[in-house]
Amino acid sequence: MNEAITIEQLRYVRLGTADLKGAADFAGRILGLQLVDRTDTAAYFRSDYRDHTLVYLDGIEAGQAVGFEVRSPDVLAQAERLLTEAGIVVTRGDAEACEARKVRQFASFRMPAGYDIELVVRPLQSGWRYHGPRDAGITGLEAIALRGAPDASDQQIWTTLLGGKISDWVGDAAYVRFDEAHHRIAVHPSEKKGIIAVEFGVENMDLIMQNAYHLRGAQVRIVDGPGRRTASQQVFLSFAGPDGVNFSFVAEGERIVNGRRARQFPRKRESFCNWNSDTQIPEYQ
Amino acid sequence: MIKLADVSYVRLGTRDLEGATHFATEYLGLDIAEQVKGAVYFKSDEREHTLCYFEGDPSDQVVCFEVEERSHLDEAAAQIERLGYPVRRGTSAEAALRKVRDFVAFRDPTGNAIELAWRPAYSGRRYHGARDAGITGFSHVGLCSSDLVRDEAFWTEVTNARVSDRIGDAPLLRIDEVHHTIALFPSPTPGIQHINHQVESGDDIMRSHQFLKDRQVRMVFGPGRHPTSEAKFLYFEGPENMVFEYSSGVREIADELLWRERQFTFGPKGFCKWGAKPDIPEFRK
Chain A
1 MNEAITIEQL RYVRLGTADL KGAADFAGRI LGLQLVDRTD TAAYFRSDYR DHTLVYLDGI
61 EAGQAVGFEV RSPDVLAQAE RLLTEAGIVV TRGDAEACEA RKVRQFASFR MPAGYDIELV
121 VRPLQSGWRY HGPRDAGITG LEAIALRGAP DASDQQIWTT LLGGKISDWV GDAAYVRFDE
181 AHHRIAVHPS EKKGIIAVEF GVENMDLIMQ NAYHLRGAQV RIVDGPGRRT ASQQVFLSFA
241 GPDGVNFSFV AEGERIVNGR RARQFPRKRE SFCNWNSDTQ IPEYQ
Chain B
1001 MIKLADVSYV RLGTRDLEGA THFATEYLGL DIAEQVKGAV YFKSDEREHT LCYFEGDPSD
1061 QVVCFEVEER SHLDEAAAQI ERLGYPVRRG TSAEAALRKV RDFVAFRDPT GNAIELAWRP
1121 AYSGRRYHGA RDAGITGFSH VGLCSSDLVR DEAFWTEVTN ARVSDRIGDA PLLRIDEVHH
1181 TIALFPSPTP GIQHINHQVE SGDDIMRSHQ FLKDRQVRMV FGPGRHPTSE AKFLYFEGPE
1241 NMVFEYSSGV REIADELLWR ERQFTFGPKG FCKWGAKPDI PEFRK
């Protein structure tokens, strides 16, 4: 058995944007997140009991990053060693970068598909619960859908180094779990790079459909669903956000408590949605 | 008071029996029980038939309710005639066409053609739809009403129908535990306002939405969820502008003594709690 890094939880997403003001307006007014901090160059949003789970940063060049929590400085040091041994360049965050992320320590590395993975220690919690500007029914940051290397060669970083377990495959797209949720990361092989969608949980199917009508009324472009994912059994709705990054609301879905064998689904639309809904996302077609 | 035991079938005249049959099987998902000269009988559950299309005037629309005893037919006839509405006894040939042992026919105060039947035929062959729409059975009808207050009084005084909820003055009436089996909606002319079939799950509603939309069937309301009965629903248009509904998860009223009817607004919010807006004249002011 190889040594693997133990991930505590999916923690946050950081997104560079060409229009910080517009993106911040979207996150609050359309998505329904709660603004917790605003600087000249960043807007922090809360979706649950954590201080923040989404940050918009001024300038596309700020890139995209997904943050995962590890338990202790020792685990972080072990992670640095394992990643370096695997030939991955790992950068330790300085004090200023830690402060910007509201974490005690972190290290980051670049994935082949263009986004950074940040491993953080002691990220800030909030004593105040999330209260959004509109009743979107959000329960928290649920998962990230990512583009991966076209030949799926980067998937072993998730499974071998980061200790993720594959719950299911659709073609070569992999749903990776780190806890009881069916998946926290979905990796879709693609010629393109970057994050496909940031997914927030909502209370139930009523909220999925209420949001669908609300977003349609607000002229937001729905790009996938509403539908039900064949593998995870989540009901979902994805819509276009700023800078080509989509957002999703998801509800219900399988919990995997005692582990199970990963299943292989064929690469067909019906494997992505068993309502056979329309999609504009090439990776899901 | 006449005890209505169940809603049995609807009979619809059509100028295009072939087209109506195509719709009922390929789109709606019913099962052909029998084809005779000038009429086609359709099955949706354990009963011999629950819908009959016959060659004739599309305004010729009949809904039939089952009574438990033959004597109820005579009692019903006497009571309804006392109120000034003529009642006609069905001939044995007409009863054979309806696959019932005996029946009476009358018009309610609006002029809707109603039949009460004794011993409607059940069938040993189970329902197997032409497509997998998930239908579990024919469940209720909407009836047109030119005077909602008068017609509510007629149905609740002459039969065992009780008001479960009202949308504006439109009453949703139950004859057993199911939230409603008859619903009255405002319309200057008589006729069946919609025909409901229950489906297994919300997933079936959403799958049918996509299936029918792909085939250019006109959607007139939904997908949505009724705040009254809690059922998820989809309304779409069939032959001769008849509105058909699929719904799932209808509320059951188990304890008569604990239930009190509620007043909902006659507007989109009274009809749907997801935010869908009806394109159905009888559901709009």
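Protein sequences appear in the order of chains A and B. Each residue of the first sequence is one higher than the one before, starting from 1 at the first, in this note's numbering. Each residue of the second sequence is one higher than the one before, starting from 1001 at the first, in this note's numbering. Note that the Cβ used here is the ideal one computed from N, Cα and C, for glycine as well.
query	result
Terminal residues of the beta strand (DSSP E) in which CYS1144(B) lies	1135-1145
Neighbour flag for ALA1024(B) against chain A, beta carbons, 8 Å	no
Given 8 Å, three or more beta-carbon pairs between the stretch 111-120 of chain A and the stretch 61-70 of chain A	yes
Runs of alpha helix (DSSP H) wholly within the stretch 1068-1093 of chain B (minimum 4 residues, chain order)	1070-1082
Residues near SER126(A) in its chain [Cβ-Cβ closer than 7 Å; skip 5 each side]	ARG46, TYR49, ARG50, ASP51
Interface flag, SER190(A) vs chain B, CB-CB below 8 Å	no
The stretch 1158-1175 of chain B / the stretch 1263-1283 of chain B touching (three or more Cβ pairs under 8 Å)	yes
From VAL13(A), LEU83(A), ARG229(A), ALA77(A), residue whose alpha carbon lies closest to that of LEU295(A)	The shown model of chain A, from 1 to 285, leaves out residue 295(A), and the question about it has no answer.
Contact the stretch 240-258 of chain A vs the stretch 188-200 of chain A: 3+ CB pairs below 8 Å	yes
C-beta neighbour in chain B for TYR213(A), strict 8 Å	yes
Test: SER126(A) CB closer than 8 Å to a CB of chain B	no
Contact between the stretch 89-109 of chain A and the stretch 205-219 of chain A (3+ Cβ pairs under 8 Å)	no
Cβ of ARG229(A) within 8 Å of any chain B Cβ	no
CB-CB length for LEU141(A) against LEU237(A), believed under 8 Å	With 8 Å as the limit, LEU141(A) and LEU237(A) do not qualify as a contact, their Cβ atoms being about 16 Å apart.
DSSP-derived helix/strand/coil call for GLU69(A)	strand
Own chain, CB closer than 6 Å to ILE1080(B), minus 5 neighbours either side, in chain order	VAL1087, PHE1106
Backbone secondary structure at SER277(A) - three-state DSSP	coil
Closest by C-alpha distance to SER153(A), when choosing among PRO189(A), ASN274(A), ASP135(A), ALA107(A)	PRO189(A)
Beta-carbon neighbours of ASN274(A), restricted to chain B and to distances below 8 Å	ASP1203, ARG1207
CA nearest to the CA of VAL1010(B), picked from GLY1142(B), SER1092(B), GLY1124(B)	GLY1142(B)
Cβ-based burial, TRP1118(B) [other Cβ within 10 Å; buried from 16]	buried
MET1(A), buried or exposed, once every other Cβ within 10 Å from all chains shown has been counted against 16	Unreliable placement is indicated for MET1(A), whose pLDDT of 46 sits below 50; the coordinate value is still reported in the next sentence. Classification of MET1(A): exposed, given that the 10 Å Cβ count is below 16.
Whole-angstrom distance between SER232(A) and TYR1053(B), CA atom to CA atom	42 Å
Interface residues of chain A facing ALA1276(B) [CB-CB closer than 7 Å]	TYR213
ASP135(A) burial status per 10 Å Cβ neighbour count (16 or more: buried)	exposed
Residue range of the unbroken beta strand (DSSP E) whose run includes ASP1214(B)	Unbroken run through ASP1214(B) is the alpha helix (DSSP H), 1202-1214; no beta strand (DSSP E).
Near-chain B residues of the stretch 191-206 of chain A - C-beta to any C-beta below 7 Å	MET205, ASP206
For TYR12(A): DSSP bridge partner residues	GLY67(A)
Chain B contact residues for GLN210(A), given Cβ-Cβ distances below 8 Å	LYS1273, TRP1274, GLY1275
Residues that DSSP places opposite GLU1034(B) in a beta bridge	TYR1041(B)
Backbone CA spacing between VAL1036(B) and LEU1017(B) [nearest angstrom]	11 Å
Chain B within 8 Å of SER238(A), Cβ atoms only	no
LYS192(A), buried or exposed, once every other Cβ within 10 Å from all chains shown has been counted against 16	exposed
Chain A residues whose Cβ lies nearer than 7 Å to that of GLN1210(B)	TRP275, ASN276, SER277
Limits of the alpha helix (DSSP H) - the one that HIS1022(B) falls within	1017-1022
Bounding residues of the alpha helix (DSSP H) (the contiguous stretch that carries ALA1153(B))	1148-1158
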